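Student: Encoded as structure tokens, here's the structure I'll be asking about.
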Amino acid sequence: MAEGLARALGCAVLSVDPVEAAMWRAGVSRNQPTGLAAYVIAEALAAEQLALGHDVIVDAVNGVEPAREQWRRLADRTGSVLRFIEVRCSDEAEHRRRLEGRLRGVDGFPEPTWDAVQARRAGLDDWDDQRLVLDSMASRDANVRLAVDYLAQAG
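Using the numbering used here, read the sequence shown as starting at 1458 and increasing by one per residue.
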């Protein structure tokens, strides 16, 4: 979804998974807080792009409130408009099928298992922010159009 939206908007995507995988490939131990570090690195890169006047899509789970607050603070510091978009799959069996067949090709980043996704889902914080919620059961093109319209309304 992030890549399709970035193509439609002509902007960069900063994804935390490849950043975290790059740290591991560079020899940073997986025992270190590389997930947090990936968010901090994505924030630094986003800040640079925003300072240049570019729009940025950050592709991250943002499952806990501190992650969302990080992006709120960045938007405040840079005078940027922040919009959250959440992508869900309304069909759990299809979600599992897609996940188990997915190969993103992020060098050094293993695809999550269904059990890992379920465990992470159990730890997600509730959302208070206004956001667009997309259902991945709809076509990617339809979801991109909805997202573009949502972002256009943001000003």
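All residues carry an ideal CB built from backbone N, CA and C; glycine is no exception. This one's a predicted model, so the numbers in the text were calculated from it and none came from an experiment.
1) So the alpha helix (DSSP H) Val1497 belongs to, where does it begin and stop?
2) Classify Trp1528: buried if its beta carbon has 16 or more other beta carbons within 10 angstroms, exposed otherwise.
3) On the CB-based measure, 16 or more other CB atoms within 10 Å of its CB, does Glu1543 come out buried or exposed?
4) So, at 6 Å on beta carbons, what are the nonlocal neighbours of Ala1495 in its own chain, with the 5 sequence-adjacent residues on each side left out?
5) Alpha carbon to alpha carbon, how far is Arg1554 from Thr1570?
6) Rank Pro1490, Asn1600, Val1518, Ala1599 by C-alpha distance to the C-alpha of Arg1577 and give the top, closest one.
7) Does the distance from the C-beta atom of Leu1581 to that of Val1513 stay below 8 Å?
8) Please say whether Arg1561 and Ala1611 have beta carbons closer to each other than 8 Å?
9) Is the region 1499 to 1507 in contact with the region 1479 to 1491, if contact means three or more CB pairs nearer than 8 Å?
10) Give me, in chain order, the residues of the same chain whose beta-carbon lies closer than 6 Å to that of Val1605; leave out the 5 immediate sequence neighbours on both sides.
11) Who does Arg1545 pair with in a DSSP beta bridge?
12) Determine the direct distance from the alpha carbon of Val1601 to that of Asp1548, and round the result to whole angstroms.
13) Who pairs with Val1470 in a beta bridge, going by DSSP?
Tutor: With the structure as the only source:
1) 1491 to 1508
2) buried
3) exposed
4) Val1473, Val1476, Glu1477
5) 11 Å
6) Val1518
7) no
8) no
9) no
10) Ala1465
11) Asp1592
12) 19 Å
13) Ile1514
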